[in-house]
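Since the structure comes first, as C-alpha coordinates, the remarks are kept for the end.
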Amino acid sequence: MQLDPENGGVEALDGYRVITPSGKLIGEVVRASETEMVVRMRRLGRSIYRPLAQEFAIVSHRNRTVVLQISRRDLRGAPNRAAALR
0 MQLDPENGGV EALDGYRVIT PSGKLIGEVV RASETEMVVR MRRLGRSIYR
50 PLAQEFAIVS HRNRTVVLQI SRRDLRGAPN RAAALR
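So for the sequence shown, numbering that gives the first Met the number 0 puts the first residue at 0; every next one is plus one.
Structure, rendered in C-alpha coordinates:
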(Lines of atoms letter the chains of each structure in order from A and count residues from 1; the text may use other names and numbers.)
(Lines give C-alpha, C1' and ligand atoms only; values in the text may rest on other atoms or scores of the structure.)
Protein backbone atom coordinates (compact mmCIF):
# COMPACT_ATOMS: atom_id res chain seq x y z
CA MET A 1 0.00 0.00 0.00
CA GLN A 2 1.33 3.40 -0.98
CA LEU A 3 0.56 6.27 1.43
CA ASP A 4 0.44 9.93 0.54
CA PRO A 5 2.19 11.94 3.29
CA GLU A 6 0.67 15.21 2.02
CA ASN A 7 -2.81 13.77 2.49
CA GLY A 8 -2.45 12.71 6.13
CA GLY A 9 -1.17 9.24 5.28
CA VAL A 10 -4.19 8.26 3.19
CA GLU A 11 -3.62 5.84 0.32
CA ALA A 12 -2.38 7.53 -2.84
CA LEU A 13 -5.10 6.47 -5.29
CA ASP A 14 -5.09 9.50 -7.59
CA GLY A 15 -5.12 8.40 -11.21
CA TYR A 16 -6.36 4.87 -10.51
CA ARG A 17 -8.86 3.68 -13.12
CA VAL A 18 -12.37 2.91 -11.83
CA ILE A 19 -13.91 -0.11 -13.52
CA THR A 20 -16.92 -2.41 -13.26
CA PRO A 21 -16.46 -6.05 -12.18
CA SER A 22 -16.56 -6.95 -15.90
CA GLY A 23 -13.70 -4.54 -16.64
CA LYS A 24 -15.60 -1.66 -18.27
CA LEU A 25 -13.97 1.72 -17.62
CA ILE A 26 -16.10 4.12 -15.56
CA GLY A 27 -13.66 6.91 -14.73
CA GLU A 28 -10.65 7.71 -12.57
CA VAL A 29 -9.94 8.61 -8.96
CA VAL A 30 -9.05 12.28 -8.51
CA ARG A 31 -8.97 12.43 -4.70
CA ALA A 32 -9.11 9.95 -1.82
CA SER A 33 -9.67 10.17 1.92
CA GLU A 34 -9.92 7.56 4.65
CA THR A 35 -13.63 7.01 3.99
CA GLU A 36 -14.26 7.87 0.34
CA MET A 37 -12.74 8.67 -3.01
CA VAL A 38 -13.90 11.14 -5.65
CA VAL A 39 -14.36 9.64 -9.10
CA ARG A 40 -14.22 11.74 -12.28
CA MET A 41 -16.62 10.36 -14.87
CA ARG A 42 -16.52 11.77 -18.40
CA ARG A 43 -19.60 11.91 -20.55
CA LEU A 44 -20.23 13.82 -23.75
CA GLY A 45 -17.13 15.94 -23.28
CA ARG A 46 -18.01 16.92 -19.71
CA SER A 47 -16.54 15.74 -16.43
CA ILE A 48 -18.72 14.96 -13.43
CA TYR A 49 -17.35 14.13 -10.00
CA ARG A 50 -19.01 11.58 -7.74
CA PRO A 51 -18.11 10.27 -4.27
CA LEU A 52 -17.49 6.55 -3.81
CA ALA A 53 -17.30 5.14 -0.30
CA GLN A 54 -14.21 2.96 0.27
CA GLU A 55 -16.49 0.15 1.48
CA PHE A 56 -18.04 -0.12 -2.01
CA ALA A 57 -14.75 -0.52 -3.85
CA ILE A 58 -11.97 -3.07 -4.18
CA VAL A 59 -8.56 -1.50 -4.79
CA SER A 60 -5.92 -3.32 -6.83
CA HIS A 61 -2.57 -1.60 -6.42
CA ARG A 62 -0.96 -4.06 -8.81
CA ASN A 63 -3.25 -2.99 -11.68
CA ARG A 64 -3.83 0.57 -10.40
CA THR A 65 -7.59 -0.02 -10.55
CA VAL A 66 -10.62 0.37 -8.32
CA VAL A 67 -13.43 -2.13 -8.95
CA LEU A 68 -16.95 -0.85 -8.20
CA GLN A 69 -19.09 -2.96 -5.91
CA ILE A 70 -22.19 -0.84 -6.60
CA SER A 71 -24.02 -0.20 -9.83
CA ARG A 72 -22.94 2.47 -12.25
CA ARG A 73 -26.39 4.00 -11.89
CA ASP A 74 -25.93 4.34 -8.11
CA LEU A 75 -22.57 6.06 -8.63
CA ARG A 76 -24.06 8.45 -11.20
CA GLY A 77 -26.89 9.28 -8.78
CA ALA A 78 -24.50 10.32 -6.00
CA PRO A 79 -24.14 14.04 -5.23
CA ASN A 80 -21.75 16.08 -7.36
CA ARG A 81 -18.38 16.72 -5.66
CA ALA A 82 -16.95 19.26 -8.13
CA ALA A 83 -17.19 22.09 -5.59
CA ALA A 84 -15.16 20.08 -3.06
CA LEU A 85 -12.25 19.91 -5.51
CA ARG A 86 -11.74 23.68 -5.72
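Ideal Cβ placement from N, Cα and C applies to all residues, glycine included.
Treat the numbers as computed from the prediction; the structure is a model and nothing was measured.
One alpha carbon belongs to residue 77, the other to residue 66, and they sit about 17 angstroms apart. If the five residues before and after residue 17 are omitted, its C-beta is found closer than 7 angstroms to the C-beta atoms of 25, 26, 27, 28, 38, 65, 67, all from its own chain and listed in chain order. Put simply, the backbone Cα of residue 53 is about 15 angstroms away from that of residue 63. Of all alpha-carbon atoms in 20, 22, 70, 23, the one lying nearest the alpha-carbon of residue 49 is that of 70.
The beta-carbon distance between residue 40 and residue 51, rounded to whole angstroms, is 10 angstroms. This is too long to meet the 8 angstroms contact definition.
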